[in-house]
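Novice: Going letter by letter, the sequence shown gives residues 9 to 156 in our numbering. Pasting a structure below so you can have a look.
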Amino acid sequence: MREFVGIDPRGAHAVIRRMEAGKEALDRLRPLLDAAIAEAGEDWAGDPSAAALHRARAFLDESRQELRWRIHTLEHLVPVRERGMLTGTFPFATEEDAVETADRHARAILHALTAHDRSPSPDTHHGVRSAVTAITPGDPSYASTLLT
């Protein structure tokens with residue numbers, strides 16, 4: 009999956025700061041809500057937990073992580089800058105996809121190299137070449153995982 013993305017890093021970092029402030033506000037609200045629920049006891053009409061706060065906090069955290077990954081990736085590609093915008097094409101939908109794919113490719117390369125070391129032949133050489141040509145460029149998380 010390739011996705012074209014344009015991000016204004018300054019604006020995106022401002023959004024990240026707001027997400028962090030939102031998480032802090034939810035963290036401050038949770039003990040108050042828990043106390044109010046406990047005080048109301050059976051008279052509490054809603055969910056007897058702060059599950060909605062947990063979901064909202066998790067959403068803000070996941071969104072912040074993905075936005076940071078996108079900014080980081082675009083800043084490390086050779087981007088085209090237009091009025092503060094960074095543009096690029098993402099080869100993976102998420103950082104997790106990049107890491108998982110790199111791990112799978114690294115294992116395939118290692119397996120092909122091991123097979124070639126044990127029994128050098130045109131077939132095992134072709135296996136190494138095939139494993140190496142499967143490498144997906146253009147993502148720092150992928151590259152980092154592939155090399156480690």
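The beta-carbon is built from N, C-alpha and C at its ideal position, and this holds for glycine as well.
1) State the DSSP-derived secondary structure class of PHE98, mapped to helix, strand or coil.
2) Give a yes or no on whether the C-beta atoms belonging to ALA106 and SER149 are separated by under 9 angstroms.
3) For a test of the three-state rule: what should DSSP assign to GLY19, helix, strand or coil?
4) If you run the structure through DSSP and keep just helix, strand and coil, what is GLY146?
5) So, at 7 angstroms on beta carbons, what are the nonlocal neighbours of ALA64 in its own chain, with the 5 sequence-adjacent residues on each side left out?
6) Can you find the residues in the same chain that come closer than 7 angstroms, C-beta to C-beta, to ASP69, ignoring five residues on each side of it along the sequence?
7) Taking 9 angstroms as the threshold (C-beta atoms), are HIS119 and ALA139 in contact?
8) Suppose only complete runs of 4+ residues qualify. What are the alpha helix (DSSP H) ranges in the region 104-143, listed by chain order?
9) Answer yes or no: do VAL23 and LEU82 have a C-beta to C-beta separation smaller than 9 angstroms?
10) Whole angstroms are fine: how far does the CA of ARG38 sit from the CA of LEU61?
11) Tell whether a beta-carbon distance below 9 angstroms holds between ARG10 and PHE98.
Specialist: Inspection of the coordinates gives the following:
1) Annotated three-state conformation of PHE98 is strand, per DSSP.
2) Cβ atoms of ALA106 and SER149: closer than 9 angstroms.
3) Here GLY19 sits in helix by DSSP.
4) Three-state DSSP puts GLY146 in coil, outside helix and strand.
5) Around ALA64: LEU34.
6) In its chain, beyond the 5 residues on either side, LYS31 have a beta carbon closer than 7 angstroms to the beta carbon of ASP69.
7) Yes, the Cβ-Cβ distance between ALA139 and HIS119 is below 9 angstroms.
8) As far as the region 104-143 is concerned, its whole alpha helix (DSSP H) runs of at least 4 residues are 130-141.
9) With a cutoff of 9 angstroms on beta-carbon distance, VAL23 and LEU82 are scored as not near each other.
10) Cα-Cα distance, rounded: 7 angstroms.
11) For ARG10 and PHE98, yes; Cβs fall inside 9 angstroms.
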